[in-house]
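Protein chains in written order, with UniProt numbering: chain E, 1 to 138; chain A, 1 to 138. Each remark here refers to the structure printed beneath this line.
Protein chains: 2
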Amino acid sequence: MSSYASLNKVLIEFYDKMASWEASVVRESDYSLAQIHTLEALGNYGPMNMKSLANQLGITTGTLTVQVEKLVKLGLLQRFYSEDDRRSITVALTDAGQAIHQHHNALHLSLTEELTKDLSEEERHTLGRLLGKVNQEF
Amino acid sequence: MSSYASLNKVLIEFYDKMASWEASVVRESDYSLAQIHTLEALGNYGPMNMKSLANQLGITTGTLTVQVEKLVKLGLLQRFYSEDDRRSITVALTDAGQAIHQHHNALHLSLTEELTKDLSEEERHTLGRLLGKVNQEF
DNA sequence: ACTAGATTGTTTGAATATCAAAGTAAAGTT
DNA sequence: AACTTTACTTTGATATTCAAACAATCTAGT
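Rendered as structure tokens:
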């Protein structure tokens, strides 16, 4: 097996396991997977407009419009209207949304600690550096 | 930021980007995200019973029962009944299911090649080794 | 051998999430 | 000014999901 193929396997396996972990964590919360993903995207990458957010989440803007409307009604998101471009709408977390994101993010951090507890400090640094390079290529 | 926190960020970012890529690739195919995920799990990890597959996919067995039924009708999956434990049902890809999985997997392999083209052979090996360790901790 | 509890998978009913396509309004282009 | 593109929303149809109740089978302890 080529180095690409074996690395491909490992990358997919990580993605699968992360998705499965996320699903089980979210199922025990008060929010759906789609909702948590929306809060996570805004919490991790900051406020953004509908198009960027839909692209980030891998859904259409039509789907996102519905989802954002629900989260606004729940008090977790707020919309900001741009004066530069009046078609564009920036979406951001409210304080309440921020709190939920931070709670969820703490779970992620615990998981990361657990997953990498047997790595040396240097290995953790190397893994972060290499995967960071990979991320930039998307 | 601690080494855990920065690594956490990178891991999440990779997961997000992979999910987004997967969604856009799948949207252009004839199958849904849930269906492709089911085929992928069986293709990558081999035949398994309903409970294991549901766990692998991060969904309940109730949801999976419905999904497997559809895929069986489409001729992509087949069920095998165990004699050891007559409650258990092993699910596997048919040849047609295998073909779809292989087509999708080829897209993954292209992505991996693209993502890691600027890494040295040694860096690819290191990344695979470290992420492999992480995967084992789940 | 009996039984109580655990395990595996299915069914059901209700809530959510999703897309594609059509529509609206604003911005950019020629 | 007319045309095209862009950002977002709405709509209608499907697909996905879960929790809870259920049925069949297995396991362990007595």
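All C-beta atoms, glycine included, are put in the ideal place defined by N, C-alpha and C. As the structure is a computational prediction, the values presented were derived from the model and not from experiment.
Beta-carbon proximity of residue i to residue j, cut-off 7 Å
i       : j       : result
L42(E)  : L115(E) : no
N49(A)  : S2(A)   : no
G58(A)  : S110(E) : no
Q67(E)  : T38(E)  : yes
L107(E) : V25(E)  : yes
M18(A)  : Y15(E)  : yes
G128(E) : L7(A)   : yes
E13(A)  : N135(E) : yes
I36(A)  : H104(A) : yes
Residue i (DSSP reduced to helix, strand or coil)
i      : result
Y81(A) : strand
I89(A) : strand
Nearest-angstrom Cβ-Cβ length linking residue i and residue j, presumed shorter than 8 Å
i       : j       : result
K133(A) : L130(E) : Between L130(E) and K133(A) the Cβ distance is about 13 Å, and since that is not below 8 Å, they are no contact.
H101(E) : E28(E)  : That belief does not hold up - the Cβ atoms of H101(E) and E28(E) are roughly 17 Å apart, past 8 Å.
Y4(A)   : T112(E) : 6 Å
L11(E)  : A23(E)  : That pair is no contact at about 19 Å.
T61(A)  : K51(A)  : 6 Å
Touching or not, the segment 69–80 of chain E and the segment 93–105 of chain E, by the rule of three or more beta carbon pairs under 8 Å? These segments touch.
What ranges does the alpha helix (DSSP H) occupy inside the UniProt domain "HTH marR-type" (4–136) of chain A, keeping only unbroken runs of at least 4 residues that lie completely in it? Listed in chain order, they are 33–45, 50–57, 61–73, 95–115.
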